[in-house]
Amino acid sequence: MVDRPAISKGEMEVARALWQIAPATVREVFEALPAARSIDFSTVQTYLRRLEIKGHAVSKLKGRVRVYSARTRERTVIRETVNDLVQRLFDGETMPLVRHLIEDRGIDEASLAELRDLIDRLDQEGQK
177 MVDRPAISKG
187 EMEVARALWQ
197 IAPATVREVF
207 EALPAARSID
217 FSTVQTYLRR
227 LEIKGHAVSK
237 LKGRVRVYSA
247 RTRERTVIRE
257 TVNDLVQRLF
267 DGETMPLVRH
277 LIEDRGIDEA
287 SLAELRDLID
297 RLDQEGQK
């Protein structure tokens with residue numbers, strides 16, 4: 177696993193837009209952000225540069241325009257972020273996080289059924 181600096185909330189919003197439309201210019205990323213989100217063009221530009229510095233994006237100059245592409249997958253960033261959270265808040269233990277999410281945020285019947293299916297599948301894989 178590569179040890180990269182964490183992505184801030186604002187950087188994550190920009191990264192999500194980049195994952196959806198890459199390769200993209202700053203303008204294209206800016207326009208892909210939700211209209212309700214009041215974010216300056218220059219802030220998007222700053223976030224893209226930070227994502228590049230942190231190793232999550234790459235850019236190439238095409239003429240006078242810089243075009244950005246994702247260097248890491250969304251799934252990779254999610255895994256790294258969750259692993260960091262579990263390590264920092266729960267000393268590496270996952271069950272307290274699961275318990276917190278279920279008890280504090282609740283779980284609907286469909287999600288509960290999905291969780292049961294996951295547990296059953298893991299049990300079967302462990303018995304092989």
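Per my numbering, the sequence shown starts with residue 177, numbered consecutively. The C-beta atom is built at its ideal place from N, Cα and C for all residues, glycine as well.
The C-beta distance from Pro-199 to Val-243 rounds to 5 angstroms, short enough to meet the 8 angstroms contact threshold. Within a 10 Å sphere around the beta-carbon of Ile-229 sit fewer than 16 other beta-carbons, which makes this residue exposed. Gly-268 is a Cβ neighbour of Val-262, given a cutoff of 8 angstroms.
Apart from the 5 residues on each side of it in sequence, Ile-295 has no Cβ closer than 7 angstroms to any other Cβ in its chain. DSSP places Ser-287 in the helix class (H, G or I) of the three-state scheme.
Rounded to whole angstroms, the Cβ separation of Leu-237 and Val-190 is 19 angstroms, and the two are not in contact under 8 angstroms. In terms of Cβ geometry, Ala-246 and Leu-209 do not form a close pair [threshold 8 angstroms].
Shown here for Val-220: same chain residues with a beta carbon closer than 8 angstroms to its own, the five before and five after excluded, namely Val-190, Val-202, Val-205, Phe-206 and Leu-209 in chain order. Closest by C-alpha distance to Ala-182, out of Leu-227, Ile-215 and Phe-217, is Leu-227.
Rounded to whole angstroms, the gap between the alpha carbons of Asp-299 and Ala-289 is 15 angstroms. Looking at the DSSP output, Leu-237 shares a beta bridge with Arg-242. Secondary structure of Ala-211 (DSSP, three-state): coil. Rounded to whole angstroms, the separation of the alpha carbons of Gln-196 and Gly-231 is 18 angstroms.
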